[in-house]
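Under our numbering, the first residue of the sequence shown is numbered 356, with each subsequent residue one higher.
Think of the CB as a built atom: it goes at the ideal place given N, C-alpha and C, for glycine as much as any other residue.
Because the structure is a prediction, the values reported are computed rather than measured.
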Amino acid sequence: MGSSVIVGGVDVTGAQLYSVYPHGSYDKLPFLTMGSGAAAAVSVFEDRFKPNMELEDAKQLVRDAIAAGIFCDLGSGSNVDLCIITDAGVQF
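See below:
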């Protein structure tokens, strides 16, 4: 059994987002999706993501991407939780 992990944070060069795969390799990407609704969610990101988005626009984009994943696979659940990581701290 393996597990993939999304790792995000902020260092001296700015915000970082990584996907770590079960075999140990990793990718650094501007956005990530995982799970059974990932294909639907990534299509929303690919269509609407822009670097340096305003926070409220980015939050709405994440909500919409998660909603697309949920609608694609009704077994995914129905809850949307956001965690915002900035150099000022973490908001849940």
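Within the same chain, and ignoring the five residues on either side of G430 in sequence, the residues whose Cβ sits closer than 8 Å to its Cβ are S391. A Cβ-Cβ separation of about 10 Å leaves A413 out of contact with F400 under the 8 Å criterion.
Inclusion of S359 and Y376 in the CB contact set at 7 Å is warranted, their separation being smaller than that value.
The Cβ atoms of A395 and G424 sit closer than 7 Å to each other. Restricting attention to beta strand (DSSP E) runs no shorter than 3 residues, the segment 385-438 encloses none.
In the three-state scheme derived from DSSP, where H, G and I count as helix and E and B as strand, T368 is classed as coil.
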